[in-house]
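Student: Numbering (the working numbering) for the sequence shown: -4 to 415.
This structure is in structure tokens; I'll ask about it shortly.
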Amino acid sequence: MPRHELADAGMSFGERARIGWRYPMRGAAPMTIGAITLFESLAFLPITGLKLLVIGLGWMAIYTYAFECLRHSADGYADPPELAINSEDKTSVALILIQLTGNAVGVLAPIFLGVPGLLVSLLFAFVLPVITMSLTFDGVGAALNPVTWVAAIRRFGSPYLLLFAVMLASSLLQAAAQYAMKDHGPTFFGTLGYYLVANYLTVYNFHLMGALIHHRHEALGYRPESMAIAEAAEPDDDMALLAHVNLIARDDVPGATDILTERLREGLAPAPLHARYRELLRAQDRQPELLVHGQIWIAALVAANETRRALGVVQDCLGVDTAFLPDDPGTCGPLADTAAHGGMTRLALHLALGYLRTWPRDMGAPYHGLLALRMHERLGQVAEAAALGRRLLADYPEHPLAADVEALLATLATARKVSP
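What follows is the structure in structure tokens.
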């Protein structure tokens, strides 16, 4: 893959528009624009029907290349693409039809409708850029959906107004070039000069549309290709650190552990670093540190709503100390609920009973006591469930959940009588 200069997404769109006039004169763009312009000159050959065919193919060629420039710019590349390899002919045809419709509206609406028709022309010119961008990336369906236009323009913000102003100025410049060169200039060279200006402005405008997408890619939820390529070429710092730690650990396990200790103290770290840290601690039989790290990691995972992964760490810590329990009710409670709903009955029972035993005065204690009671029932431990239920009624007689405890005790008593 050829190397491309990358654009700065942080540069203001106004600056991108200012320096963008050089874009059609860089890389492969001049040769492409020149080749298409020369092809369009074939329309002067005295062959019946040739003029319309050449003009149609010329439009399709310039729009196909312009589409690729839009995509290339949106993906964060500063220079034009070598070839138009991703665009489809049907996309080019769709945009040509939209352009023809726009030109017809622009010319006929003011003639037949007067001032209201002029407003219609301006409105179509205003939405044409967002139609083009939607057509290029999302297809004809999205491009013709007004809801898509409104949502996209809102995300683009004020830079979209600048894009509209630039494209409107380009249209006026192209109209002036047609009047001065094609309509009132030398027949061949004047028309050739007009095609050159029109093709140049088309590439420039499409580049600006792509540059706006790149500038606002975060608001649009779009991930430029250049970012993905850069990340693949430059591994994540934490993954590079992990590779370094694995190399050190071949000869110096304590030293490798210390490196990870320092990294974990800095704050949020990816799961592979935590997992490797625990492997190194376990290899050195540093069980107290395993438990301390477990508490810290479990709390961080619960805070990040990764309770299922946190339960895995709890189980790992229980393998070190069968009495292990998360050290905060705000951590223990959600884990007990997740374990119960996930079918991890014994783990849910351990966490719920631990919650009740460790924080009996906490407002969540009666709820987790009832949860433990239900886990006893699920495991068929009727005697343990009955004993726990009586204790809950004695400790929390006025709590709203007391009625649920009584109902469950009655169910257990009935089941005990019925069982042989």
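The beta-carbon is built from N, C-alpha and C at its ideal position, and this holds for glycine as well.
All values derive from a computational prediction rather than experimental measurement.
What is the residue span of the alpha helix (DSSP H) that W16 lies within?
Tutor: First-last for W16: undefined, no H or E at that position.
Student: In angstroms with no decimal places, state the Cα-to-Cα distance between Y72 and D332.
Tutor: 49 Å
Student: Evaluate G433 with the Cβ neighbour count: other Cβ atoms within 10 Å of its Cβ, from every protein chain shown; 16 or more gives buried, anything less gives exposed.
Tutor: A question about residue 433 goes unanswered here, because the residues of the chain that appear run from -4 up to 415.
Student: Taking Cβ to Cβ, would you say Q282 is nearer than 8 Å to V308?
Tutor: Contact flag unset, no.
Student: Can you tell me whether Y174 is helix, strand or coil according to DSSP?
Tutor: Note: Y174 maps to helix in three-state DSSP.
Student: Buried or exposed, going by whether 16 or more other CB atoms sit within 10 Å of the CB of I106?
Tutor: exposed
Student: Is G289 closer than 8 Å to P324 when the C-beta atoms are compared?
Tutor: no
Student: Can you tell me whether F183 is buried or exposed? The criterion is at least 16 other CB atoms within 10 Å of its CB, across all chains shown.
Tutor: exposed
Student: How many Å lie between H209 and D3 at the Cα?
Tutor: 9 Å
Student: May I ask you to verify whether the segment 145 to 164 touches the segment 200 to 208, counting CB pairs closer than 8 Å and requiring at least 3?
Tutor: yes
Student: Could you work out which residue in H67, L113, L130, R66 is closest to L92 when comparing CA atoms only?
Tutor: L130
Student: Pick helix, strand or coil for Y60, following the three-state DSSP scheme.
Tutor: DSSP places Y60 in helix when its eight states are reduced to three.
Student: Might you give, ordered along the chain, the residues of its own chain that have their beta carbon closer than 7 Å to the beta carbon of L330, omitting 5 neighbours on each side?
Tutor: V297, T302, A305, L306, V309, P321, L346
Student: To the nearest angstrom, how far is the alpha carbon of I28 from that of A295?
Tutor: Their backbone Cα atoms lie some 56 Å apart in a straight line.
Student: I need the straight-line Cα distance from H179 to A61, nearest angstrom please.
Tutor: Each residue's Cα considered, the two are about 28 Å apart.
Student: By the three-class DSSP mapping on this structure, what secondary structure does A405 have?
Tutor: helix
Student: Need the endpoints of the alpha helix (DSSP H) that D74 sits in, please.
Tutor: No alpha helix (DSSP H) contains D74, which DSSP labels as neither H nor E.
Student: So, are the CB atoms of L403 and L366 less than 8 Å apart?
Tutor: Between L403 and L366, the C-beta spacing is not below 8 Å.
Student: For a minimum of 4 consecutive residues, which ranges assigned as the alpha helix (DSSP H) are wholly contained in the segment 332 to 381?
Tutor: 340 to 353, 360 to 373
Student: What residue does the alpha helix (DSSP H) around L291 start on, and which one ends it?
Tutor: Reading off the sequence, residue 291 comes out as Ile, not Leu. It spans 282 to 298 - the alpha helix (DSSP H) in which I291 sits, taken as one unbroken run.
Student: Taking just the CA atoms, how far does F319 sit from N300?
Tutor: 21 Å
Student: Return the chain-ordered list of same chain residues with a C-beta closer than 8 Å to the C-beta of R277, the five sequence neighbours on each side being excluded.
Tutor: L285
Student: Less than 7 Å between C-beta atoms, sequence neighbours within five positions excluded: which residues of the same chain meet that for A214?
Tutor: Excluding its 5 nearest sequence neighbours in each direction, A214 has C-beta neighbours in its own chain below 7 Å: R150, listed in chain order.
Student: Compare the C-alpha of M26 against each of I57, A12, G152, L40 and name the closest.
Tutor: I57
Student: For Q173, tell me which candidate among M339, V125, L48, A193 has the shortest Cα-Cα distance.
Tutor: A193
Student: Taking DSSP's pairing of strands, which residues face W1 in a bridge?
Tutor: Correcting the residue type first, residue 1 is Leu in the shown sequence and not Trp. Partner(s): Y72.
Student: Near T252, which residues of its chain fall below 6 Å by C-beta distance, leaving aside the five closest residues on each side in sequence?
Tutor: The residues are L275.
Student: On the CB-based measure, 16 or more other CB atoms within 10 Å of its CB, does S68 come out buried or exposed?
Tutor: buried
Student: Could you tell me whether the Cβ atoms of F121 and G97 are closer together than 8 Å?
Tutor: no
Student: For M234, count neighbouring C-beta atoms within 10 Å of its own C-beta (all shown protein chains included) and say buried if the count is 16 or more, exposed if not.
Tutor: exposed
Student: On the CB-based measure, 16 or more other CB atoms within 10 Å of its CB, does S116 come out buried or exposed?
Tutor: buried
Student: Would DSSP call P329 helix, strand or coil?
Tutor: helix
Student: Please say whether T59 and L191 have beta carbons closer to each other than 8 Å?
Tutor: no
Student: Measuring alpha carbon to alpha carbon, tell me which of V377, E401, S36, A380 ends up nearest L417.
Tutor: The question about residue 417 has no answer here: the residues shown for the chain are numbered -4 through 415.
Student: Using DSSP with H/G/I as helix, E/B as strand and the rest coil, what is E35?
Tutor: helix
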